[in-house]
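Following my numbering, the numbering of the sequence shown begins with 7 at its first residue and continues without gaps.
Cβ coordinates follow ideal geometry from the N, Cα and C atoms, glycine included.
Small disclaimer: the values here were computed from a predicted structure and weren't measured.
Heads up, the thing below is written out as structure tokens.
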Amino acid sequence: MRCASGIEARQVDELAINIDPIQAGGRLTGDAMKAVIAYGDGYSVCDNCRKPNRLDYISKPPIAEFHKDVSAWLNMDSVRTVPGARRGFQAVAHTYVQKGDPVLLTSLSHYTEFLAVEGAGGIACEIPANDQHIVTPDAAALKIEEVKKKFGRVPVLAFIDHVDYQYGNMHDIKVIAKVCHQYDIPVLYNGAYTVGILPVNGKELGVDFVVGSGHKSMSSPAPSGILAATTERAAEVFRTTSITGDVTQRKFGIKEPEMMGCTLMGVTLIGMMASFPQVKERVKHFERELDNNRIVVDALLSVEGTKILSEMPRKHTLTRADTIGSFDKIAESHKKRGYYFSNALEEKGVTGVIPGATKIWKFNTYGMTKKQAVYLAEVFVEIAQENGLLLRA
Ligand SMILES: *Cc1c(COP(=O)(O)O)cnc(C)c1O
Numbered sequence: 007m008r009c010a011s012g013i014e015a016r017q018v019d020e021l022a023i024n025i026d027p028i029q030a031g032g033r034l035t036g037d038a039m040k041a042v043i044a045y046g047d048g049y050s051v052c053d054n055c056r057k058p059n060r061l062d063y064i065s066k067p068p069i070a071e072f073h074k075d076v077s078a079w080l081n082m083d084s085v086r087t088v089p090g091a092r093r094g095f096q097a098v099a100h101t102y103v104q105k106g107d108p109v110l111l112t113s114l115s116h117y118t119e120f121l122a123v124e125g126a127g128g129i130a131c132e133i134p135a136n137d138q139h140i141v142t143p144d145a146a147a148l149k150i151e152e153v154k155k156k157f158g159r160v161p162v163l164a165f166i167d168h169v170d171y172q173y174g175n176m177h178d179i180k181v182i183a184k185v186c187h188q189y190d191i192p193v194l195y196n197g198a199y200t201v202g203i204l205p206v207n208g209k210e211l212g213v214d215f216v217v218g219s220g221h222k223s224m225s226s227p228a229p230s231g232i233l234a235a236t237t238e239r240a241a242e243v244f245r246t247t248s249i250t251g252d253v254t255q256r257k258f259g260i261k262e263p264e265m266m267g268c269t270l271m272g273v274t275l276i277g278m279m280a281s282f283p284q285v286k287e288r289v290k291h292f293e294r295e296l297d298n299n300r301i302v303v304d305a306l307l308s309v310e311g312t313k314i315l316s317e318m319p320r321k322h323t324l325t326r327a328d329t330i331g332s333f334d335k336i337a338e339s340h341k342k343r344g345y346y347f348s349n350a351l352e353e354k355g356v357t358g359v360i361p362g363a364t365k366i367w368k369f370n371t372y373g374m375t376k377k378q379a380v381y382l383a384e385v386f387v388e389i390a391q392e393n394g395l396l397l398r399a
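In structure tokens, the structure reads:
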């Protein structure tokens, strides 16, 4: 089946259990799929745009209401949609960071946070994670003091991931934010792996910004995401334009420079909106997701030589496995080398593990049914047995 010459219809999640870490939380809901078809045309949400002409004021379809709902849901004061979490980082970095300014990141930060800092001319100062791969409030305090000595001033902004992309570990952002605020450093909560997955309460965490990724964690088309702010910070990041044309004397009303006026103007926004009721509901049931994750992790650990590198017990479904002592041993002498593992998974209807990887790899059990989790657990054990690996007693 083809969409057009050279473009095959994609059938991945329809045909297999997909455990790709970055795809599990972004799979569209049925409602989002319908919305995507209906709003595929360019500028499709602009039919009923009226003065004051800004995306977040449109009431038909209910875009204004969606903004209010997302803001209340995150317990923040203001929200805008953005083309991916990274564009949220960029808007915030561009507002606070000047050339040569130190910016706080962590040793587990995502590359897009680094690029946002780079784009604004800032200098990356990483809080090191400890040997359990956890970023602690103490380490944050030490790093701020170190920056203060080196630069003669504290970092102008902090990017902190609640759950990091490498281990899926959860970091104590509430206390880290408290430490940063003692030095008047604004804190951006990176919720790429949490907003739309588990409950997030911005005021309770005491953060200045909450960033979420639509296509990673809110069952939305790419590129989409949200940037939420407190009232104080919204006035800074969502400031309105003040420029005037020197010939025409034109001004541009309430358009926001950091948002380039309007952001998501079609499928991306409507997709997010269509999935939102289900996303709001699913975050209340994150326990079930952890139960499913436990079934799979226990099965992997039953294979002798396998380690889980993420914190245990798991607090998130994104998990990093070390199978150097198990599945990788087989790869050494297997005629398909490391590909035997991903091939065997594919044959059994499981996709999303990097082809050839048998040493250290990640998976995400998010969104599967219990039946699928039990099946996935059996698949890992079966592949181990078929290749003569021992099971722990
Ligand atoms: C995926 C990811 C991002 C980037 O999200 P986009 O919405 O694709 O821009 C940023 N930070 C972390 C921790 C991520 O895992």
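Span separating the alpha-carbon of residue i from that of residue j
{"i": "Arg300", "j": "Ile314", "result": "11 Å"}
{"i": "Asp37", "j": "Gly267", "result": "28 Å"}
{"i": "Val206", "j": "Arg343", "result": "43 Å"}
{"i": "Thr323", "j": "Leu163", "result": "29 Å"}
{"i": "Tyr45", "j": "Asn59", "result": "19 Å"}
{"i": "Val243", "j": "Gln391", "result": "56 Å"}
{"i": "His73", "j": "Ala135", "result": "35 Å"}
{"i": "His177", "j": "Val141", "result": "6 Å"}
{"i": "Val303", "j": "Phe292", "result": "16 Å"}
{"i": "Asp137", "j": "Ala145", "result": "12 Å"}
{"i": "Cys9", "j": "Ala41", "result": "18 Å"}
{"i": "Val18", "j": "Asp252", "result": "54 Å"}
{"i": "Leu382", "j": "Glu338", "result": "24 Å"}
{"i": "Tyr171", "j": "Leu114", "result": "7 Å"}
{"i": "Gln96", "j": "Phe347", "result": "39 Å"}
{"i": "Ala363", "j": "Tyr189", "result": "43 Å"}
{"i": "His340", "j": "Leu351", "result": "15 Å"}
{"i": "Val169", "j": "Tyr345", "result": "30 Å"}
{"i": "Ile133", "j": "Thr112", "result": "4 Å"}
Cut-off 7 Å between Cβ atoms - residues of its own chain near residue i, not counting five sequence neighbours on either side
{"i": "Cys52", "result": "Met271"}
{"i": "Pro161", "result": "Pro108, Val109, Leu110, Cys131, Ile150, Val153, Ile191"}
{"i": "Thr246", "result": "Ile260, Lys261, Glu262"}
{"i": "Tyr63", "result": "Ala70"}
{"i": "Phe157", "result": "Pro108"}
Coarse secondary structure for residue i, derived from DSSP in three states
{"i": "Arg8", "result": "strand"}
{"i": "Arg325", "result": "The displayed chain sequence assigns Thr, not Arg, to residue 325. Three-state result, Thr325: strand."}
{"i": "Gly6", "result": "Here the chain has residues from 7 to 399 only, and residue 6 is not among them."}
{"i": "Ile69", "result": "helix"}
{"i": "Glu238", "result": "helix"}
{"i": "Ala399", "result": "coil"}
{"i": "Arg300", "result": "helix"}
{"i": "Asp167", "result": "strand"}
{"i": "Arg402", "result": "Since the first and last residues shown for the chain are 7 and 399, residue 402 lies out of range."}
{"i": "Glu262", "result": "coil"}
{"i": "Ile330", "result": "coil"}
{"i": "Ser84", "result": "strand"}
{"i": "Met176", "result": "strand"}
{"i": "Lys313", "result": "strand"}
{"i": "Thr254", "result": "coil"}
{"i": "Thr375", "result": "coil"}
{"i": "Leu233", "result": "strand"}
Residue environment, residue i, which counts as buried when at least 16 other CB atoms sit within 10 Å
{"i": "Asn54", "result": "exposed"}
{"i": "Glu388", "result": "exposed"}
{"i": "Ser11", "result": "exposed"}
{"i": "Ile249", "result": "exposed"}
{"i": "Glu384", "result": "exposed"}
{"i": "Asp47", "result": "exposed"}
{"i": "Gly208", "result": "buried"}
{"i": "Glu264", "result": "buried"}
{"i": "Glu119", "result": "buried"}
{"i": "Glu295", "result": "buried"}
C-beta contact flag for residue i and residue j at 8 Å
{"i": "Ala91", "j": "Gly231", "result": "yes"}
{"i": "Leu61", "j": "Ile69", "result": "yes"}
{"i": "Ala147", "j": "Val185", "result": "yes"}
{"i": "Ser98", "j": "Val123", "result": "The sequence given here places Val at residue 98; Ser does not occur at that position. Not closer than 8 Å, so no."}
{"i": "Gly202", "j": "Val273", "result": "no"}
{"i": "Thr269", "j": "Pro143", "result": "no"}
{"i": "His116", "j": "Asp83", "result": "no"}
{"i": "Val216", "j": "Ala198", "result": "no"}
{"i": "Val356", "j": "Ala22", "result": "yes"}
{"i": "Glu310", "j": "Leu397", "result": "yes"}
Contacts around residue i, its chain only, beta-carbon distance under 6 Å, and the 5 residues preceding and following it disregarded
{"i": "Glu317", "result": "Asn175"}
{"i": "Thr312", "result": "Leu306, Thr329, Ser332"}
{"i": "Arg326", "result": "Tyr173, Leu315, Ser316, Lys368"}
{"i": "Gly220", "result": "Ser226, Ser230, Gly231, Met278"}
{"i": "Gly358", "result": "Asn24, Ile25, Asp26"}
{"i": "Asp214", "result": "Pro192, Val193, Thr236, Arg239"}
{"i": "Gly32", "result": "His221, Lys222"}
{"i": "Ser50", "result": "Gly272"}
{"i": "Thr35", "result": "Ser225, Ser281, Gln284"}
Own chain residues within Cβ distance below 8 Å of residue i, not counting five before or after
{"i": "Lys180", "result": "Glu210, Leu211, Gly212"}
Any chain D beta carbon closer than 8 Å to residue i
{"i": "Glu310", "result": "In the structure shown, chain D does not exist; there is a single protein chain."}
Proximity test, residue i beta-carbon vs ligand 2 heavy atom, cut-off 7 Å
{"i": "Tyr199", "result": "This structure simply doesn't include ligand 2; it includes ligand 1 instead."}
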